[in-house]
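**Q**
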Amino acid sequence: MRPNRYIVLISILLGFAGAWLSADAVGQYLNAARSFASVDASYVEGSFAWKDPQYNEATAEFEITNDSDNDARLAHFGINLHFDGRFAGARYDQWEAIDIPAESSVIVEIPFLVSISEIRSEGGDAELSVSGQLRLEFENVGRDMTVPARGTIGHVPYQESNND
Numbered sequence: 022m023r024p025n026r027y028i029v030l031i032s033i034l035l036g037f038a039g040a041w042l043s044a045d046a047v048g049q050y051l052n053a054a055r056s057f058a059s060v061d062a063s064y065v066e067g068s069f070a071w072k073d074p075q076y077n078e079a080t081a082e083f084e085i086t087n088d089s090d091n092d093a094r095l096a097h098f099g100i101n102l103h104f105d106g107r108f109a110g111a112r113y114d115q116w117e118a119i120d121i122p123a124e125s126s127v128i129v130e131i132p133f134l135v136s137i138s139e140i141r142s143e144g145g146d147a148e149l150s151v152s153g154q155l156r157l158e159f160e161n162v163g164r165d166m167t168v169p170a171r172g173t174i175g176h177v178p179y180q181e182s183n184n185d
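If you're matching positions, the sequence shown starts at 22 in our numbering and goes up one per residue.
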């Protein structure tokens, strides 16, 4: 019995197509994994400042580094402020997306609003820290990525010069 040459030809073509699609999928996966692993968000040391002596509002800077080969878009930045490990407030205003070119970094200033009135007065004496996450979109990568953001700020009392 001789194999039908059309069936053999179709089987070979489907095999090549399957191999090509598999290689492409692996390449896309590796590109996404490299991009996701190449982003870092860190608190800029010394940038935290209280805006008022009642510890209602503050600002801090964060450096977002994109060491990947793909341009990124910082689609959302959700970040919380903690006093001695307890939730005290967060960034509540509307987020405007920021583009971060490949192999570069940006510094963003984040406003914080202390929303827990019972501990607000502890702001100048507490050990301050932040935690949250960034949602990034990458060029040439079909999925969004969430990156954790954490940092220890330390003790920061109100200083009149911060309010200028």
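Don't be surprised by glycine CBs; every beta carbon is placed ideally from N, CA and C.
The structure presented is a predicted model; accordingly, all values stated were derived computationally and were not measured.
Can you tell me the Cα-Cα spacing of D73 and S89, whole angstroms?
**A** Position 52 of the sequence shown, counted from the start, is the residue given in the question as residue 73. Position 68 of the sequence shown, counted from the start, is the residue given in the question as residue 89. Distance between the alpha carbons of D73 and S89 is about 39 Å.
**Q** Is F104 near F83, with beta carbons less than 9 Å apart?
**A** Within the sequence shown, the letter at position 83 stands for residue 104. Within the sequence shown, the letter at position 62 stands for residue 83. No, the Cβ-Cβ distance between F104 and F83 is not below 9 Å.
**Q** Measuring CA to CA, which of A38, A62, L30 and N25 is closest to S125?
**A** Position 104 of the sequence shown, counted from the first residue, corresponds to residue 125. Among A38, A62, L30 and N25, the Cα nearest to that of S125 is on A62.
**Q** Quick check on the DSSP output: what are the complete beta strand (DSSP E) runs of length 3 or more inside the stretch 58-127, in order along the chain?
**A** Fully enclosed beta strand (DSSP E) runs of 3 or longer: 60-64, 78-87, 93-104, 107-111 and 119-121.
**Q** Can you give the beta carbon distance from N87 to I121, rounded, assuming they're within the 8 Å contact cut?
**A** Your numbering for residue 87 matches position 66 in the sequence shown. Your numbering for residue 121 matches position 100 in the sequence shown. Contact holds; Cβ gap of about 4 Å.
**Q** Identify the continuous beta strand (DSSP E) that holds Q154 and give its terminal residues.
**A** Along the sequence shown, one-based indexing puts residue 154 at 133. L149 to F159 is the span of the beta strand (DSSP E), which, as asked, contains Q154.
**Q** Among Y76, F69, L95 and T167, which has the Cα closest to the Cα of R141?
**A** Along the sequence shown, one-based indexing puts residue 141 at 120. Comparing Cα positions, the closest option is Y76.
**Q** List the endpoints of the continuous beta strand (DSSP E) containing D165.
**A** Here residue 165 is taken as the residue at index 144 of the sequence shown, counted from 1. Its beta strand (DSSP E) spans residues D165 to G175.
**Q** In the DSSP assignment, what are the bridge partners of E130?
**A** In the sequence shown, the residue the question calls residue 130 occupies position 109. According to DSSP, which records beta bridges pairwise, E130 is partnered with E82.
**Q** Return the chain-ordered list of same chain residues with a C-beta closer than 7 Å to the C-beta of D114, the five sequence neighbours on each side being excluded.
**A** Within the sequence shown, residue 114 is the residue found at index 93, counting from 1. Cβ within range, chain order: P132.
**Q** Going by DSSP in three states, V162 sits in which element: helix, strand or coil?
**A** The residue labelled residue 162 in the question sits at position 141 within the sequence shown. In this structure, V162 counts as coil in the three-state DSSP scheme.
**Q** Starting from the Cα of G110, find the closest Cα among E139, W116, I128 and A93 and give me that residue.
**A** Working through the sequence shown from its first residue, we reach residue 110 at position 89. It is E139.
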